[in-house]
Amino acid sequence: MSFLVLIDDFGHANKKERWRQIKLGWAKAAASSTGLFGHATMVIVLLWVLLGFLDPSWQEVSPTLAPMAREQCVRGQACDPRHKRDAGGRGGVYEHLGGAPRRRKLYCATKYHLQIHPNGRIDGSLEENSPFSILEITAVDVGVVAIKGLFSGRYLAMNKKGRLYASDVFKPECEFVERIHELGYNTYASRHYRTAPPSPRSNRRRASAERLWYVSINGKGRPRRGFKTRRTEKASLFLPRVLANKDHEMVHLFHTSHLYREKVLKAIGQAERRRQKHSTSG
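Put into structure tokens, the structure is as follows:
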């Protein structure tokens, strides 16, 4: 009995050939005479069987992982732990993929917060608590995000001329490639529009790679056209900031108070009319 227990502890062999060899060795040991020669024969057979178990080809699960593997098999999962992939792994960078949107403010290196207005305008604000700078960043693919203004309900978009605007519906122009760069700054480049390198027949020197069109806010708080930006420029570097307590209060009131929402929208309309009046008079 102790012999069988020892065999079970050394790997839970499950191949018919192994068991056939074990039974054969047991029969030979039992047929031998008792005494010192019999014990020596038993030890030799035991060592021969145990040395055979050292072959890793049959033992796919270590003894410490065997109970876990058997439990996974019962649940219908893969029995071989080597086939399981770490859920964190390389995809940890995009852990928000498929989850809830990240509420952030995009603070440009030019000291402006990116704003998305209800009228479709995109600009930057120096105010710390501007409601239109509160954004929802949602992953639509690996490394690709959609940026939506929480108060405006519009999506950041870039058209084929490289101009930024706010779209009332989500579409391909609203997809941006998000990349993390030095000092924690992010860049956001259009997924669908970019400058292709010149053809080999062109007289110009061929570029080493195609040029991406980046979201950017210049030193005056105005967006630049995508094809005029570079990822190393300050205007295209954004620092995602978590919301402050006052920002959370505004979000809560906007979703729960109808009067507050009307007040905000009314102030938006008044500011927009003043801006248009100033631009026409100038």
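Residue numbering for the sequence shown follows our numbering, beginning at 119 and increasing consecutively. Just so you know, even glycine gets a beta-carbon here, dropped at the ideal spot from N, CA and C. Model, not experiment: these values are computed from the prediction.
Residues in its own chain within less than 7 angstroms of Val258 by CB, not counting five upstream and five downstream?
Ala264, Glu293
Where Ser243 falls: helix, strand or coil (DSSP)
strand
Are three or more beta carbon pairs between the segment 346 to 364 and the segment 225 to 241 nearer than 8 angstroms?
yes
Counted within 10 angstroms of its Cβ, other Cβ atoms place Arg392 as buried (16 or more) or exposed
exposed
Exposed or buried, what is Ser375 when buried is set at 16 or more other beta-carbons lying within 10 Å of its beta-carbon?
exposed
Name the residue from Ile234, Pro315, Gly337, Ser248 whose alpha carbon lies nearest to the alpha carbon of Leu282.
Ile234
Measuring only the C-alpha atoms, how far is Gly238 from Gly267?
11 angstroms
Let me confirm a value: Ala284 is counted as buried when at least 16 other C-beta atoms fall within 10 Å, else exposed. Which label applies?
buried
Give every residue of the same chain whose Cβ lies closer than 7 angstroms to the Cβ of Ala205, excluding the five residues on either side of it in the sequence, and list them in chain order.
Residue placement at Ala205 is flagged as unreliable, the pLDDT there being 30, under the threshold of 50; a coordinate-derived value is accordingly withheld.
Where Leu355 sits in the DSSP three-state scheme:
coil
Considering only their Cβ atoms, is the gap separating Thr305 from Phe345 smaller than 8 angstroms?
no
Within the continuous beta strand (DSSP E) that includes Leu268, where are the two ends?
Neither: Leu268 is in no beta strand (DSSP E) and is coded neither H nor E.
Under 8 angstroms between the Cβ atoms of Trp331 and Thr350?
no
His373 lies in the alpha helix (DSSP H); which residues open and close that run?
363 to 374
Between which residues of its own chain and Arg309 is the CB-CB distance below 7 angstroms, once the five residues before and five after are set aside?
Val262, Glu293, Phe294, Val295
Quick one, which of Leu165, Lys384, Leu164, Lys223 has its alpha-carbon nearest Tyr303's?
Lys223
Buried or exposed: where does Asp286 fall if 16 or more other Cβ atoms within 10 Å of its Cβ makes it buried?
exposed
Beta-ladder partner(s) of Pro341, from DSSP:
Ile335
Give the range of the beta strand (DSSP E) segment to which Asp259 is assigned.
253 to 259
Buried or exposed: Ala307, going by 16 or more other Cβ atoms within 10 Å of its Cβ?
buried
Own chain, CB closer than 7 angstroms to Tyr378, minus 5 neighbours either side, in chain order
Leu371, Phe372
Alpha carbon of Asn277 to alpha carbon of Asn247, nearest angstrom:
28 angstroms
Could you tell me the alpha carbon to alpha carbon distance between Lys384 and Pro236, rounded to whole angstroms?
12 angstroms
How many whole angstroms separate the CB atoms of Lys279 and Arg342, which I take to be in contact at a CB cut-off of 8 angstroms?
Not really, about 12 angstroms apart at Cβ, beyond 8 angstroms.
Whole-angstrom Cβ separation of Arg220 and Ile255, contact assumed at under 8 angstroms?
5 angstroms
Among residues of its own chain, excluding the 5 on either side of Gly339, which ones have a beta-carbon nearer than 6 angstroms to its beta-carbon?
Tyr230, Asp241, Gly242
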